[in-house]
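Numbering of the sequence shown is given in the numbering used here, commencing with residue -14 and proceeding in unit increments.
Don't be surprised by glycine CBs; every beta carbon is placed ideally from N, CA and C.
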Amino acid sequence: MKSESSYTTGCWSLFALFLMVFSCSTYAATGLDKRIELAAEHIIRMQLDSGLFRYEHDFVSGADSQQNNIVRQAGAAFALGEYLLYSKDPVAREAI
């Protein structure tokens, strides 16, 4: 039986990026821009050659799951799109 934590792997970084992008104003707090950038870089590193994102990772076995969730895939792509609008980062543009 899979642990609950294996189902949430990667979701926290996506959730954090989503919240940070939508909570930003032009007067962002010191360091917030860097935290958003780091979260986006993490999501981009988790992108597979197929364009999809790693859905789940079992830390005990060290293996990525073959399962997938299209809603979470869409959420990750949406968050990167919002980050691209916010940052104009060419690496994010290529990932999308």
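In this structure, how does DSSP classify residue 74 when only helix, strand and coil are distinguished?
For the purposes of this step, residue 74 is taken as residue 89 along the sequence shown, with counting starting at 1. Looking at residue 74 - three-state DSSP - the assignment turns out to be coil, as it is neither helix nor strand.
Going by the DSSP bridge assignment, what does residue 48 pair with across the sheet?
Position 63 of the sequence shown, counted from the start, is the residue given in the question as residue 48. Answer is 43, bridged to residue 48.
With distances taken between CB atoms, is the gap from residue 37 to residue 51 smaller than 8 Å?
Residue numbering aside, residue 37 sits at position 52 when the sequence shown is read from its first letter. Residue numbering aside, residue 51 sits at position 66 when the sequence shown is read from its first letter. No. Outside cutoff.
Can you tell me the Cα-Cα spacing of residue 63 and residue 43, whole angstroms?
Locating residue 63 in the sequence shown gives position 78, counting from the first residue. Locating residue 43 in the sequence shown gives position 58, counting from the first residue. Cα-Cα distance, rounded: 25 Å.
How about residue 81 and residue 66: are their beta carbons less than 8 Å apart?
For the purposes of this step, residue 81 is taken as the residue at position 96 of the sequence shown. For the purposes of this step, residue 66 is taken as the residue at position 81 of the sequence shown. Their beta carbons are under 8 Å apart, which means residue 81 touches residue 66 by this criterion.
Going by C-alpha distance, which of 74, 34, 47, 39 is nearest residue 28?
Sequence index remark: in the sequence shown, residue 28 carries index 43 (1-based). Of 74, 34, 47, 39, the residue nearest in Cα terms is 39.
Determine the direct distance from the alpha carbon of residue 72 to that of residue 47, and round the result to whole angstroms.
Locating residue 47 in the sequence shown gives position 62, counting from the first residue. Locating residue 72 in the sequence shown gives position 87, counting from the first residue. In a straight line, the C-alpha of residue 47 is about 33 Å away from that of residue 72.
If you draw a straight line from the alpha carbon of residue 56 to that of residue 30, how long is it in whole angstroms?
The residue labelled residue 56 in the question sits at position 71 within the sequence shown. The residue labelled residue 30 in the question sits at position 45 within the sequence shown. Straight-line Cα distance between these residues: approximately 19 Å.
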